[in-house]
Amino acid sequence: MYVNQHRERKKSEMLDIKFVRENPDIVKENIKKKFQDQKLPLVDEVIGLDKENRETQQEADDLRASRNKLSKEIGALMAQGKKEEAEKVKAQVAANAERLAELEKKNNELKEKIQNIMYTIPQIIDPSVPIGKDDNENVEIEKFGDPVVPDFEIPYHTDIMESFGGIDLDSARRVAGNGFYYLVGDIARLHSAVISYARDFMIDRGFTYVVPPFMIHGNVVQGVMSFPEMEAMMYKIEGEDLYLIGTSEHSMIGRYIDQQIKEEELPLTLTSYSPCFRKEKGAHGLEERGVYRIHQFEKQEMVVICKPEESHMWYDKLWQNTVDLFRSLDIPVRTLECCSGDLADLKCKSCDVEAWSPRQKKYFEVGSCSNLGDAQARRLRIRIKGENGNYLAHTLNNTVVAPPRMLIAFLENNLQADGSVKIPEILRPYMGGKELLVPKK
RNA sequence: GGAGAGGUAUCGAAGUGGUCAUAACGAGGCGGUCUUGAAAACCGUUUGGCGGCAACGCCACAUGGGUUCGAAUCCCAUCCUCUCCGCCA
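Residue numbers (our numbering): -16 to 424.
Next comes the structure, spelled out in structure tokens:
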């Protein structure tokens, strides 16, 4: 099995060094588009190092070739009993040994330098990505449904939950600290109902349901996300090479590490369930309290592995699925496209699906859809076995739904003036047929 | 946690210091012969990565290191899998 072959942490790259060598201008232009000008000198630097490395490699390979040849001669001479002649050839090999050791050392140093740089050179973004510096310049693409503001006041989401006796944050803080929750009664049931409904929604659209591992090895983490993300997000199990997943995308993409997938098996269209664990380092404001930003939540995810030429098409289908799901629950949404400067280095294109908050009178993020191009596949060596050789797959992922955050949108949009919450028809089978949640106080 | 066995290509598996790692042998896949068609039989073909215009060369036998002119093979360390026992949802 492949499992242990790449346990050692190896930094790896988003772009092919060959591509950088042959298209330095494209790579530089891309860096500028992402407002990372400080990385510009690295391109020429890495191309120089690469040239030096290939020369070193070639000389070392030649020396190895000569050693291999001479060693065979020694074997033949020994077999014939010609010991003296064998000794002479041995001396020849020894003469090259020192130079080879030198080259190997240099080769390793160069490789490490190259990798360190390549690790920071961002993925080429899709031409359709809007250029902008940070998240202020993200672009609204399309709205779905009317963002209604009712003529009664919508309470903060934890207050709505409390009116049903549905949340216990105080106990959660005592037991696990800030960023955890107990969901109780109908609210807990609603949480499970949403997950189950989302699962069936995706199964009906032809996706295969998967329950993956909730912990993964360090090398898989490195393959699916960049190092700064990893530091800020991932919980590590003490004394083990295991991390709690931040999303099932991690274990779902990791499933194909070092694999060659037959062309005819593609596309792989999967929907996975998992709890997600995130450190969420850094301070968060008022609007991120309650169950908005937490250390543990559950999520139904969709993941696609496909041929390069199909990733655009799947990207559009993926975010549309989330829009459709929210619309089926009468929640207004919009799509917000990530601009170049806000796009993670691993991604070619990404958008957020945002749900309407009638309380805040604005949209807020409930899901994120990304096309990673071949960046994850390059890092994890996920290849497609084609007629004319192997090539890297493209990978995409998107949130189907992530309660409890999604519950915020659900409760706010389905709250009635009398404090009750109506259950959309489509969700009722998952709620034991209930049409309405009635507050306890 | 204890005791054994083991990690080689798509799978099973041989190889225990050189002339079998473009990896024996078997299976599977692909192409072909035969056949009305199929099965069977037979023949051929089939690892991945890097460099090079090419010829060709290098690397990879779980991982890392060591011994050696030369390591799948010997030595050291680490990881993992399987079987049985124990414990346990």
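Glycine residues also receive a C-beta, built at the ideal position from the N, C-alpha and C atoms.
A quick note: this is a predicted structure, and the numbers were derived from the prediction, not measured.
- Put simply, the segment 238 to 251 does not touch the segment 138 to 152. Fewer than three CB pairs are less than 8 Å apart.
- Counting the other Cβ atoms within 10 Å of the Cβ of S154 gives fewer than 16, which makes it exposed.
- The beta carbon of V3 sits closer than 6 Å to the beta carbons of V10 from its chain, once the five residues preceding and following it are set aside; these are given in chain order.
- The beta carbons of T254 and Q279 sit about 20 Å from each other, so the pair does not count as a contact at 8 Å.
- Listed in chain order, the non-local C-beta contacts of Q343 below 8 Å within the same chain comprise E270, local neighbours out to five positions each way being set aside.
- In the DSSP assignment, Y374 falls within the unbroken beta strand (DSSP E) covering G372 to L375.
- Contact annotation, I314 with F393: C-beta distance approximately 7 Å; criterion of less than 8 Å satisfied.
- Of all C-beta pairs linking the segment 333 to 352 to the segment 384 to 400, three or more are shorter than 8 Å, placing the two stretches in contact.
- Distance from M101 to M185 at the Cβ level is roughly 35 Å; contact not present, criterion being Cβ atoms closer than 8 Å.
- The continuous stretches of alpha helix (DSSP H) do not include T230, and DSSP gives it neither H nor E.
- The C-alpha of G128 lies about 42 Å from the C-alpha of G201.
- Counting C-beta atoms within 10 angstroms of its own C-beta, V421 has fewer than 16 neighbours from the protein chains shown and is therefore classed as exposed.
- Looking at the DSSP output, M285 sits in a beta bridge with T254 and N381.
- Under the rule that a run must span 3 or more residues, the beta strand (DSSP E) segments found entirely inside the segment 161 to 193 read 191 to 193.
- DSSP, read as helix, strand or coil, puts N90 in helix.
- DSSP lists V316 and F347 as the beta-bridge partner residues of A338.
- Beta-bridge pairing by DSSP links S333 to S353.
- Judged by DSSP in its simplified three-state form, G415 adopts coil rather than helix or strand.
- If you ignore the 5 residues before and after E42, its C-beta comes within less than 7 Å of the C-beta of L86, all in its own chain and listed in chain order.
- Residue pairing by DSSP places M198 opposite L227 in a beta bridge.
- Y226 and N161 have their alpha carbons spaced roughly 21 Å apart.
- Note on geometry: alpha-carbon atoms of A77 and E247 lie some 51 Å from one another.
- Following the DSSP letters along the chain, one finds G115 in no beta strand (DSSP E), marked with neither H nor E.
- The C-beta of R366 has 16 or more other C-beta atoms within 10 Å across all chains shown, which makes the residue buried.
- Within the same chain, E320, C321, L326, A327, S351, C352, S353 and N354 come within 8 Å of S333 by CB-CB distance, once the 5 residues on both sides are set aside.
- Annotated three-state conformation of L398 is strand, per DSSP.
- Counting C-beta atoms within 10 angstroms of its own C-beta, K345 has fewer than 16 neighbours from the protein chains shown and is therefore classed as exposed.
- Cα atoms of H267 and P133: separation of roughly 28 Å, rounded to the nearest angstrom.
- Using a Cβ distance threshold of 8 Å, I97 and K73 do not count as a contacting pair.
- Under the DSSP assignment, V3 falls outside any beta strand (DSSP E), being part of the alpha helix (DSSP H) whose first and last residues are I0 to E5.
- By the Cβ test, the segment 109 to 117 is not in contact with the segment 360 to 375, since fewer than three Cβ pairs between them sit closer than 8 Å.
- Your pair M235 and I220 does not check out as a contact, with CB atoms roughly 20 Å apart and the cut at 8 Å.
- By the C-beta criterion, the segment 370 to 387 is judged to be in contact with the segment 300 to 319, since at least 3 inter-stretch pairs fall below 8 Å.
- If you check the CB distance, R37 and N79 do not come in under 8 Å.
- When the beta-carbon positions are compared, N13 and I107 come within less than 8 Å of each other.
- Listed as beta-bridge partners of K55 by DSSP are no residues whatsoever.
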